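Take 266 as the starting number for the sequence shown in our numbering and just add one per residue. Note that beta-carbon positions come from the ideal geometry of N, C-alpha and C, so glycine has one too. A quick note: this is a predicted structure, and the numbers were derived from the prediction, not measured. Here the structure is laid out as structure tokens; the discussion comes afterwards.
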Amino acid sequence: MNTFLGMKKNLLFFYLVPLFLTGYSMFAQDQSSIKVEPFVAEQKFIKNNYEAALDDYLSLLEGDPQNEKYNYNVAVCYLNTNIDKTKAIPYLEKITANSPYDPNAMYLLGRAYDYAYRFDDALSTYNKFRRMGKGTAENLIDVERQIQFCINAKELIKFPVDVSFENLGSSINSAYADYYPYVPSDESFIIFNSRRPTEGAEKIKEDGNYPSGIYMSKVVDGKFSKSKSLGALIPKVAGEQEVIG
266 MNTFLGMKKN
276 LLFFYLVPLF
286 LTGYSMFAQD
296 QSSIKVEPFV
306 AEQKFIKNNY
316 EAALDDYLSL
326 LEGDPQNEKY
336 NYNVAVCYLN
346 TNIDKTKAIP
356 YLEKITANSP
366 YDPNAMYLLG
376 RAYDYAYRFD
386 DALSTYNKFR
396 RMGKGTAENL
406 IDVERQIQFC
416 INAKELIKFP
426 VDVSFENLGS
436 SINSAYADYY
446 PYVPSDESFI
456 IFNSRRPTEG
466 AEKIKEDGNY
476 PSGIYMSKVV
486 DGKFSKSKSL
496 GALIPKVAGE
506 QEVIG
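Dropping the structure here:
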């Protein structure tokens, strides 16, 4: 899996779809009036806490809209969250419109165009990045794969398939990251990963997420029952619990 800095038949997908008090006045302070420190934003960014870093960098951009680093990091944050990856486009277009710039911005712009289904723009951008021959070794290798993905996508989109995505409700979905669902052929249960807080959950990590856990829901009378954590049933030797269907 490439980190941006730069099916199984029965696999079921579903989407997830401050108050500050001054010590003197004791009145609520508008968050927008609080100065964001670039160092604090960078530390969140380095620790992959992209949602928190995004808020900080958007605030920093208000005071310095032409700052290339802020624009670049905002784009990276959008591409690494499920907010709307296409929102990275204007920031990367601004960067790549003026030379010199970090060549990896061109690769990221191609990825952002991909998410917007702008495959011709993505291909043009990827090819430009490839001709430049500059960027991280990972991105320079991956661009060849992304070009092929674009070519495949252009063909596949000519033959659309009628598919609908449905939220499975509060018994399954949460406000947190729920992912890697697996449903067996008889559709008798669903098992998936989630980064949600639970009773006795470990402290939230530096990247802004709770540790991943495995959850399961059985089908009862044609409906999914309330999902339950399997943490107590599956020993955790090292790292986090993950299941991949």
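Next on the checklist: Mapping the DSSP letters down to three states, classify residue 438 as helix, strand or coil.
Outcome noted: coil
Next on the checklist: Just to confirm my understanding: we take residue 338, look at its own chain, exclude 5 residues before and 5 after, and list those with CB closer than 6 Å. What are they?
Outcome noted: 310, 322
Checklist entry - If we ignore side chains and look at the alpha-carbon of each, how far apart do residue 382 and residue 357 end up? => result 16 Å
Next on the checklist: When you compare the CB positions of residue 372 and residue 408, do they come within less than 8 Å of one another, or not?
Outcome noted: yes
Next on the checklist: Please classify residue 492 as buried or exposed, where buried requires at least 16 other C-beta atoms within 10 Å of its C-beta.
Outcome noted: buried
Checklist entry - Apart from the five residues just before and just after residue 490, which ones in its own chain have a Cβ nearer than 8 Å to its Cβ? => result 436, 482, 483, 484
Next on the checklist: Between the alpha carbons of residue 470 and residue 423, how many angstroms are there, rounded?
Outcome noted: 43 Å
Checklist entry - Can you tell me where the alpha helix (DSSP H) with residue 386 in it begins and where it stops? => result 384-397
Checklist entry - When you compare each of 364, 335, 410, 487 to residue 315 by their alpha carbons, which one comes out closest? => result 335
Next on the checklist: Taking DSSP's pairing of strands, which residues face residue 230 in a bridge?
Outcome noted: Outside the displayed span of the chain (266 to 510) sits residue 230, for which this structure offers no information.
Checklist entry - Measuring CB to CB, does residue 354 end up less than 8 Å from residue 387? => result no
Item to check | Inter-residue Cα distance where the pair is residue 320 and residue 444 | outcome: 24 Å
Item to check | Proximal residues to residue 368 (C-beta, below 8 Å), its chain only, five neighbours per side dropped | outcome: 394, 397, 399, 400
Checklist entry - Which whole-angstrom value is the C-beta distance of residue 463 and residue 473, which I expect to be below 8 Å? => result Contact doesn't hold; Cβ gap of about 17 Å is too wide.
Next on the checklist: Let me check understanding here. Comparing Cα to Cα, which of 379, 318, 349, 440 lies closest to residue 419?
Outcome noted: 379
Item to check | residue 460 vs residue 441 beta-carbon contact at 8 Å | outcome: yes
Next on the checklist: Let's see if you can read the secondary structure: which residues bound the beta strand (DSSP E) around residue 456?
Outcome noted: 454-459
Next on the checklist: Taking DSSP's pairing of strands, which residues face residue 443 in a bridge?
Outcome noted: 459
Next on the checklist: Quick check on this structure: which residue in 364, 300, 494 has the alpha carbon closest to the alpha carbon of residue 325?
Outcome noted: 300
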